[in-house]
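Novice: Below you'll find the structure I mean.
Residue numbers (the UniProt record's numbering): 1 to 265.
Below, the structure written as structure tokens:
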């Protein structure tokens, strides 16, 4: 059975967040992962080479730590270094002689990028349902509206505090600050606020730090007109409400969570 290790970039130069470089390392067993860890601790660099075994640039791993057997952190010249180091150990057998310190793990390591902001349900997308109604959030003409026949998938990523421990598939709680994105043609598009506090997709709008509690208490509906190409139609726009407008807030819930790749198929 294969063995999985979650690896994330933690660097003082990056504020300690490592939000972009997150990896899953796959090895045949735990012993291979442990052997690789000890070699990185001792050597701290891997030499790249071509298929003929001609040495090239060094990939330096400044530090590697293991808070848990299957959770590693690392630092280097760039977050990409962990992937480059593993790739240098996964090629033509002629490349093996370039890194003799890693001969026991050569060809046994595969590293896959799991995407940016991997620490808060980033791999899961949801439908957002209006509580008590058969209506869902739907992206229409760049606006988030409610619709009874169509719906879009949304991703909620927890924006963790600097010292907060992270882990995959962290459950969402009301106090979480979240980044909201919508899946549009396989692309994740951030949700922001327009000048009148309507939820809109794309750049150039006012950034807003949502909390997960907002789904229950701070989002309401206002009538408006959606413009799509040459046509337009009436719709109920989802808007964020201030504390003075809480009496008009509606209530929404996330349902039918699926892996992002599955949602895009």
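The beta-carbon is built from N, C-alpha and C at its ideal position, and this holds for glycine as well.
Taking one C-beta from the stretch 172-180 and one from the stretch 228-238 each time, how about it: are there three or more such pairs within less than 8 Å?
Specialist: no
Novice: Output the distance between the C-alpha atoms of residue 150 and residue 136, rounded to the nearest integer angstrom.
Specialist: Locating residue 150 in the chain shown gives position 150, where the first residue counts as 1. Locating residue 136 in the chain shown gives position 136, where the first residue counts as 1. The straight-line gap from Cα to Cα measures roughly 7 Å.
Novice: Exposed or buried, what is residue 186 when buried is set at 16 or more other beta-carbons lying within 10 Å of its beta-carbon?
Specialist: Translated into the one-based positions of the chain shown, residue 186 becomes position 186. Residue 186 should be labelled exposed.
Novice: Count the other C-beta atoms from every protein chain shown that fall within 10 angstroms of the C-beta of residue 209, then say buried if there are 16 or more, exposed otherwise.
Specialist: For this step, residue 209 is matched to residue 209 along the chain shown. The residue in question, residue 209, is exposed, as its Cβ has fewer than 16 Cβ neighbours within 10 Å.
Novice: Sort out for me which residues DSSP pairs residue 234 with in a bridge.
Specialist: As a working note, residue 234 is residue 234 in the chain shown. DSSP, once it has assigned bridges, lists 225 as partnering residue 234.
Novice: Output the distance between the C-alpha atoms of residue 81 and residue 159, rounded to the nearest integer angstrom.
Specialist: One-based indexing of the chain shown puts residue 81 at position 81. One-based indexing of the chain shown puts residue 159 at position 159. Spanning the two alpha carbons is a distance of roughly 25 Å.
Novice: Taking just the CA atoms, how far does residue 77 sit from residue 118?
Specialist: Counting from 1 along the chain shown, the entry for residue 118 is found at position 118. Counting from 1 along the chain shown, the entry for residue 77 is found at position 77. At residue 118 the pLDDT is 42, less than 50, meaning the model places this residue with poor confidence; the figure from the coordinates comes in the next sentence. Between the alpha carbons of residue 118 and residue 77 lies a gap of roughly 21 Å.
Novice: If you run the structure through DSSP and keep just helix, strand and coil, what is residue 201?
Specialist: Along the chain shown, read from residue 1 onward, the residue named residue 201 stands at position 201. Here residue 201 sits in strand by DSSP.
Novice: Assuming the contact rule is C-beta atoms closer than 8 Å, residue 36 and residue 109 should be a hit. Round their C-beta distance to whole Å, please.
Specialist: As a working mapping, residue 36 is identified with position 36 in the chain shown. As a working mapping, residue 109 is identified with position 109 in the chain shown. Yes, residue 36 and residue 109 are in contact; Cβ-Cβ is about 6 Å, under 8 Å.
Novice: Spell out a yes or no on whether the stretch 138-147 and the stretch 188-208 are touching, meaning 3 or more CB-CB pairs, one atom from each, closer than 8 Å.
Specialist: yes
Novice: Name the two residues that bound the continuous alpha helix (DSSP H) containing residue 73.
Specialist: The sequence position of residue 73 within the chain shown is 73, counting from 1. That residue, residue 73, is in no alpha helix (DSSP H); its beta strand (DSSP E) goes 71-76.
Novice: From residue 40 to residue 61, what distance separates their C-alpha atoms?
Specialist: Locating residue 40 in the chain shown gives position 40, where the first residue counts as 1. Locating residue 61 in the chain shown gives position 61, where the first residue counts as 1. Roughly 7 Å separates the two Cα atoms.
Novice: Taking 8 Å as the cut-off, decide whether the C-beta atoms of residue 56 and residue 50 are in contact.
Specialist: The residue you call residue 56 lines up with position 56 of the chain shown. The residue you call residue 50 lines up with position 50 of the chain shown. For residue 56 and residue 50, yes; Cβs fall inside 8 Å.
Novice: If I measure Cβ to Cβ from residue 3 and keep anything under 6 Å in the same chain, skipping five residues before and after, which residues do I get?
Specialist: Locating residue 3 in the chain shown gives position 3, where the first residue counts as 1. So the list reads 27, 29, 30, 33, once near-sequence residues are dropped.
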